[in-house]
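Colleague: Numbering (our numbering), first residue to last: 1278 to 1637. Ideal Cβ placement from N, Cα and C applies to all residues, glycine included. Keep in mind it's a predicted model, so treat the numbers as computed, not measured.
1) Counting only runs that start and end within the region 1561-1622, where is the beta strand (DSSP E) found for 3 or more residues in a row?
2) Output needed for residue 1399: all residues of its chain with C-beta closer than 7 Å, excluding positions within five of it in sequence on either side, in chain order.
3) With a 10 Å radius around its C-beta and 16 neighbouring C-beta atoms as the bar for buried, classify residue 1429 as buried or exposed.
4) Within 10 angstroms of the Cβ of residue 1538, are there 16 or more other Cβ atoms? Answer buried if so, exposed if not.
5) Tell me which same chain residues have a C-beta within less than 6 Å of the C-beta of residue 1319, skipping the five on either side of it?
6) Taking the beta carbon of residue 1567 as the centre, do at least 16 other beta carbons fall within 10 Å, making it buried, or is it exposed?
7) Assess, as a yes-or-no matter, whether the region 1569-1587 is touched by the region 1610-1620 under the definition of 3 or more beta carbon pairs within less than 8 Å.
8) Considering only residues of the same chain and omitting the five flanking positions on each side of residue 1299, which have a CB-CB separation below 7 Å?
9) So, at 7 Å on beta carbons, what are the nonlocal neighbours of residue 1352 in its own chain, with the 5 sequence-adjacent residues on each side left out?
10) Nearest by alpha-carbon distance to residue 1541: which of 1556, 1530, 1569 is it?
11) Using DSSP's beta-bridge definition, name the partner residues of residue 1348.
12) Using DSSP with H/G/I as helix, E/B as strand and the rest coil, what is residue 1378?
13) The alpha helix (DSSP H) spanning residue 1306 covers which residue range?
14) For residue 1534, is the classification buried or exposed, using 16 other Cβ atoms within 10 angstroms of its Cβ as the cut-off for buried?
15) Could you give the C-beta distance for residue 1455 and residue 1480, rounded to a whole number, given that I count them as a contact under 8 Å?
16) For residue 1446, I'd like the list of residues in its chain whose CB is within less than 8 Å of its CB, leaving aside the five on either flank, ordered along the chain.
17) Give the range of the alpha helix (DSSP H) segment to which residue 1483 is assigned.
18) Hey, residue 1583 and residue 1310: beta-carbon distance below 8 Å or not?
19) Taking Cβ to Cβ, would you say residue 1437 is nearer than 8 Å to residue 1403?
20) Looking only at C-alpha atoms, which of 1346, 1321, 1322 sits nearest to residue 1506?
21) Within 10 angstroms of its Cβ, does residue 1559 collect 16 or more other Cβ (buried), or is it exposed?
22) Can you grab the Cα-Cα spacing for the pair residue 1301 / residue 1427, in whole Å?
23) What separation, rounded to the nearest whole angstrom, lies between the Cα atoms of residue 1307 and residue 1523?
24) Among the residues of its own chain, which have a CB less than 8 Å from the CB of residue 1350, if the five just before and after it don't count?
25) When you compare only the Cα positions, how much space is there between residue 1530 and residue 1513?
26) Measuring alpha carbon to alpha carbon, tell me which of 1599, 1356, 1574 ends up nearest residue 1605.
27) Let me check understanding here. Comparing Cα to Cα, which of 1487, 1499, 1488 lies closest to residue 1472?
28) If the criterion is Cβ atoms closer than 8 Å, does the pair residue 1369 and residue 1418 meet it?
29) Looking at residue 1313: is its Cβ nearer than 8 Å to the Cβ of residue 1431?
30) In the structure shown, what three-state DSSP assignment does residue 1554 receive?
31) Between residue 1625 and residue 1504, is the Cβ-Cβ spacing less than 8 Å?
32) Roughly how many whole angstroms lie between the Cα atoms of residue 1441 and residue 1465?
33) Rounded to a whole number of angstroms, what is the C-alpha to C-alpha distance between residue 1616 and residue 1297?
34) What's the C-alpha gap between residue 1478 and residue 1444?
35) Excluding sequence positions up to five away, which residues of its chain have a Cβ less than 7 Å from the Cβ of residue 1363?
36) Need the endpoints of the beta strand (DSSP E) that residue 1454 sits in, please.
Here it is as structure tokens:
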């Protein structure tokens, strides 16, 4: 499989993308960031203060209608610091969160080993959170967390009414509600709500600068002003108050201007693509995507399907999809499709036809 991955990586570097983003180089990205910084007269930050970081924090706090925002080098650090801060205030280290959460699946037990948090399941599998789910978690909680959207479930979002009810239940119980909103920019079109309306339902929210916004790295947490001070202390304790975060901040500022208003169009195109794929025997989860990213399932064996994907990329210099993985159901494979600028300039029927031909 490593040889296949190496071939795919080499072929993709110079091929035309369909999903995610067009290939770039560090030099090209730095030129774009430099041009933006010059055009907007961006200044350096120092240790996360002043300059581009201060500007970005103010813009993101305003967009999400929160009093403050704090920038972190990574979302992992941002969320662990936020949950620990809420737990210190609440007097309990117990956090209720989905069992498919990033914190449980991809952080090598960091929330427990580093922060001493006790993680309790709020939801199981492809469930979205509800007030009833929170009611089933007994005892005192330091915080509850939702992932908007639930990425490993195909970027699944709860109905707006369920999210409102969960917010009311958490506040009635005195439990701070935190949201993993890495893709919140992409989520609000599904509900027909504003970013501020979504953020108003939670006490704090993490947002990513590099996923939908296309920056180089970085994250922010929007929250009350007093919590922001605690987060800055945790950032320094964890080694995250680095000499400068200007490069990542410029990427975030640029992404806000270029992408925030386009996510509804990306989502509409993804919905059209999913419908075309279903007509060709490829199933999608959700059936109608909630955001521009969703899961695609097809019959086949991963090594055989991936050999065809790589061969197509090498021959046609077009990447039809990412590599596929064995699905939970034997005899099926799964991949994630993200429909951004590289995709939406194409005819979704033609993309579906191409993908079905490669996978089948």
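Modeller: Once the coordinates are examined:
1) 1570-1576, 1609-1615
2) 1373, 1374, 1375, 1406, 1410, 1411, 1414, 1421
3) Taking all protein chains shown into account, residue 1429 has 16 or more neighbouring C-beta atoms within 10 Å of its C-beta and is therefore buried.
4) Result: exposed.
5) 1329, 1527
6) Burial state of residue 1567 is buried, judged by a 10 Å Cβ sphere holding 16 or more other Cβ atoms.
7) Taking a cut-off of 8 Å for Cβ pairs, the region 1610-1620 and the region 1569-1587 touch, as three or more such pairs fall below it.
8) Excluding sequence neighbours, residue 1299 sits near 1619.
9) 1459, 1483, 1485, 1496
10) 1569
11) 1497
12) Under the three-state reduction of DSSP, residue 1378 is assigned to coil, being neither helix nor strand.
13) 1303-1316
14) exposed
15) Between residue 1455 and residue 1480 the beta-carbon gap is near 6 Å, inside 8 Å, which marks them as a contact.
16) 1408, 1411, 1412
17) Not the alpha helix (DSSP H): residue 1483 falls in the beta strand (DSSP E), residues 1481-1485.
18) no
19) no
20) The shortest C-alpha separation from residue 1506 is found at 1346.
21) buried
22) So the two alpha carbons sit approximately 28 Å from each other.
23) 12 Å
24) Closer than 8 Å at the Cβ level, and outside the excluded window around residue 1350, lie 1494, 1495, 1496, 1517, 1519, 1522, 1525.
25) 23 Å
26) 1574
27) 1499
28) yes
29) no
30) helix
31) no
32) If I take the Cα positions, the gap works out to 14 Å.
33) 6 Å
34) 6 Å
35) Counting only Cβ-Cβ distances below 7 Å, and skipping sequence neighbours, we find 1419, 1420, 1453, 1455.
36) DSSP places residue 1454 inside the beta strand (DSSP E), whose first and last residues are 1454-1457.
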